[in-house]
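Visitor: Numbers given in the working numbering equal positions in the sequence shown, counted from 1, plus 660.
Where is the CB? At the ideal position from N, CA and C, for every residue including glycine.
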Amino acid sequence: MLRRVLLLLAIPLAVTAQEVTYDNSVLAPGWTSLTFTPPSPSSYTLASFTPAKDGDVINQLEEKTSLHDLYDDKVTLLNFMYTTCTDINGCPLATAVFHKIQQNSLKIQR
């Protein structure tokens, strides 16, 4: 009986002793120094933006509303982020960029 108890106590110690390593290398282009010279500002044409069509959405309080009522007369960047993503570069980078835009926009005084 004593041998079983000692063995059971040793199992959690063996599991916690394993090291977990993560790959922290930055793979997304543009997140670190670029390997090329980007075009200078205003030297290229951006795609035109158009107003979003209206549609039914659910807000953070789980209430049904319309997209236009939710963002009425406000500049809005809208993207549909995924809850899971296999693209190691794209999805996390897109989420991080939107977070930076949000943080910087909060600093702007209106």
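Whole angstroms are fine: how far does the CA of Y704 sit from the CA of T744?
Guide: Position 84 of the sequence shown, counted from the first residue, corresponds to residue 744. Position 44 of the sequence shown, counted from the first residue, corresponds to residue 704. In a straight line, the C-alpha of T744 is about 34 Å away from that of Y704.
Visitor: Anyone know if the C-beta pair for L727 and V717 falls short of 8 Å?
Guide: Reading the sequence shown from its first residue, position 67 is the one you call residue 727. Reading the sequence shown from its first residue, position 57 is the one you call residue 717. A contact, by the Cβ cut-off of 8 Å.
Visitor: What first and last residue would you give for the alpha helix (DSSP H) that runs through S765?
Guide: On the sequence shown, residue 765 is found 105 positions in, with the first residue counted as 1. That run of the alpha helix (DSSP H) goes G750 to K767.
Visitor: Please say whether F758 and N772 have beta carbons closer to each other than 8 Å?
Guide: Residue 772 lies beyond the stretch modelled for the chain, which goes from 661 to 770, so this question has no answer here.
Visitor: Tell me the DSSP secondary structure of D729 in three-state form.
Guide: What you label residue 729 is simply residue 69 of the sequence shown in a count that begins at 1. Reduced to three states, the DSSP call for D729 is helix.
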